[in-house]
Each structure stands twice: as C-alpha cells, then as structure tokens.
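Below is one structure, written out as structure tokens; comments come after it.
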Amino acid sequence: MFRSSGCLGSVLIRMGVGALLFLGAVYLLWTNEGRVDFGRVAKDAVILSPESVDTAAEGKLVAVSGKLRSDEPLGDAPYLQAGPYVALARNVEMYAWIERRREGAKGSSGSSSGDKAPNDYEYELGWTNSPQDSANFAVPAGHENPPLTVESTKKTVATVKIGAYALDARSLTMPPSRELILDDGIVMPDANRYAEGKYLFEGEGLLEEPSVGDLRISYKVVDDGLDVTAFGQLAGNRIAPYVHRRGDTLYRAFASGPEA
38 MFRSSGCLGS VLIRMGVGAL LFLGAVYLLW TNEGRVDFGR VAKDAVILSP
88 ESVDTAAEGK LVAVSGKLRS DEPLGDAPYL QAGPYVALAR NVEMYAWIER
138 RREGAKGSSG SSSGDKAPND YEYELGWTNS PQDSANFAVP AGHENPPLTV
188 ESTKKTVATV KIGAYALDAR SLTMPPSREL ILDDGIVMPD ANRYAEGKYL
238 FEGEGLLEEP SVGDLRISYK VVDDGLDVTA FGQLAGNRIA PYVHRRGDTL
288 YRAFASGPEA
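Add 37 to a position in the sequence shown, counting from 1, and you land on the number used in this note's numbering.
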C-alpha cells in the first residue's frame, strides 16, 4: 500500500518536472526561431515519459525531457582523448601576420599585392583561425605566413538516447556547448604540444610568447549526461526530425538543467 503510493508520487513528481522543462523549452523556441514560429507549434507537442516508449504518440510531434546519453565516448585524435561528450568542436588558431587597411587610405584595395598601394596597409601579429595568404599582401616581404596545417572541425557521436528514446546525434541541433579546460589527463601525449588552460599549444615559441606559425587549439563540448528537453517526431523507439507543413524542420535539444 505504502510502496504503491510512493511510486505513484514519484511518477507524478517526474511528470510535473517534465512539464516544467517542456514549458521552458517552448519559451526558448518562441523567442529564438525564424521563419516558422516553432514556439506555437511546439506547445502542442505530446509530452513523453522517458521511461518507456509511448506507441500512442507514433508519428506525432513529441517532447521528452531527461539526460542526453551515449554509449560511445567521443575524442579527437591526435589531440583530445575520448571522453564523456556527445559533441565537440575543435577551434584552431594560428599566430600570424594580419594585414589591415589604414583608416582613410585612398589607394586600391585589390586582392593581389600588385593591385595594392603599400603605404595604405599596416601589419600586426595576432591569433586568427583564418590566416591570410601573405602572397596577397601589399608588402609580403617580412610578413610571411605559413599555411595552416590543422583545420577546425566538429564531431558528434552517431546516436544519443533520452531514456527509452534514441535520436540521431548528427542531425539533432544540440544545446549550447561549454569551453573545455585542457590538461595532461585529457589530451593525447605529444612531445611537440602542451596543454595550458583552455588551449593546446604547438609550435616553436610559447603560448605567452608565440612565434609566427604557432598553433593553439581549443575545444567546446556538449557533455554526456546533460539534462535536456528534445523535440521531434516519434517513429517507433526513435525521435526523428519533425517536418512542418511549410517544409521547416524541428529537431532540437535544449539544456534544461542548471547549465541552461
């Protein structure tokens, strides 16, 4: 008797929490979406319990709240060891010469050095993820940039789950990521690189005193176990992209815990 009442109370509490998370996610859709007002669309979504598949909602727009989980760790060899992430973004910057057109310059602003008036440009060193081709500088001599040999990229696991439901992580719009603090425990060992703060440094200089061509790599990740509310269309035990009659797609997870 008492056990039954306790179980019922627990279920009701979870349902109430799920409804609150759902309302928060609908509000975010209402204030952030574009052509189709998905805030209005999402308010009619069927709220699912993450504990078991609801076959009655087959083919409908649904929402489910729970922890975003994956069975596979995610890494970024040869830089970042596999860890408890469902998505990551590698940002690569090079310490390079940056050409800037002087304020008030009146000469040509052509794309090649022969089209430019040298006195109209100035140069400074800085970190950039899009280093300029120094062959096109007005004054290439003394401002040579090597080619960028490591590209920025994004990676996700193949599948994530929220309770009983599976989602395609590569199609799902993920919640905002967080900056990853790097140390020797999570980066892959290499004598030519070292971790400091949020950066993995590679080059001839130091992170505080870099040389031209040095690289610094940083990461943003979406953690495994993040509390989310996800929207999509129920297809068996999977939540798939929901396609609105206008052709726009709703397939998105919102952070719904303390990280939101």
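Backbone N, C-alpha and C define an ideal beta-carbon position, used for all residues, glycine too.
Keep in mind the model is a prediction, meaning the values are calculated, not measured.
Q.
One question on the structure: do S107 and V123 come within less than 7 Å of each other, judged by their Cβ atoms?
A. With respect to V123, S107 sits close: the two C-beta atoms are nearer than 7 Å.
Q) Nearest CA to the CA of P110: which residue from N166, R282, A195, T92? A) The residue with the shortest Cα to Cα distance from P110 is A195.
(Q) Quick check: what's the CA-CA separation for G284 versus K97? (A) So the alpha carbons of these two residues sit roughly 16 Å apart.
Q. Would N173 pass as a contact of A133 if the rule is Cβ separation under 7 Å?
A. At least 7 Å separates the beta-carbon of N173 from that of A133.
Q. Just curious, the beta strand (DSSP E) that F291 is in, first and last residue?
A. 289 to 292 is the span of the beta strand (DSSP E), which, as asked, contains F291.
Q | Straight-line gap, E216 to V129 (C-alpha atoms, nearest Å) | A | Looking at the two C-alpha atoms, the distance is approximately 14 Å.
Q: Hey, could you find the ends of the beta strand (DSSP E) Y160 is sitting in?
A: Counted as a single uninterrupted DSSP element, the beta strand (DSSP E) harbouring Y160 occupies residues 158 to 165.
Q | Beta-ladder partner(s) of E239, from DSSP | A | R230, L252.
Q.
Quick check: the Cα distance between Y116 and S248, rounded to an integer number of angstroms?
A. Their backbone Cα atoms lie some 21 Å apart in a straight line.
Q. Do you know how far the Cα of Q270 is from the Cα of A82?
A. Cα-Cα distance, rounded: 9 Å.
Q. Cβ of V224 within 7 Å of Cβ of L237?
A. Result yes, Cβ atoms of V224 and L237 sit closer than 7 Å.
Q: Might you give, ordered along the chain, the residues of its own chain that have their beta carbon closer than 7 Å to the beta carbon of D221, omitting 5 neighbours on each side?
A: Non-local C-beta neighbours of D221 in its own chain, meaning closer than 7 Å and more than five positions away in sequence, comprise A232, ordered along the chain.
Q: Using alpha carbons as the reference points, say which of N229, S293, G200 lies closest to E241.
A: Of N229, S293, G200, the smallest CA-CA separation from E241 is found for N229.
Q) What are the residues that DSSP puts in a beta bridge with T266? A) Its beta-bridge partners are S102, F291.
(Q) Report the CB separation of A292 from A267 in whole angstroms; it is logged as a contact under 8 Å. (A) That belief does not hold up - the Cβ atoms of A292 and A267 are roughly 11 Å apart, past 8 Å.
Q. Among A114, A100, T92, S86, which residue has its Cα nearest to the Cα of P226?
A. The alpha carbon of P226 has as its nearest neighbour, out of A114, A100, T92, S86, the alpha carbon of A114.
Q.
Could you tell me which whole beta strand (DSSP E) segments of length 3 or greater appear in the stretch 106 to 146?
A. Counting whole runs of 3 or more residues, the stretch 106 to 146 contains the beta strand (DSSP E) stretches 111 to 113, 117 to 120, 122 to 138.
Q: Would you identify the three-state DSSP class for K192, choosing helix, strand or coil?
A: Strand at K192.
Q: Please state if the CB of S214 and the CB of K257 are separated by a distance shorter than 7 Å.
A: For the 7 Å CB-CB criterion, K257 and S214 form a contact.
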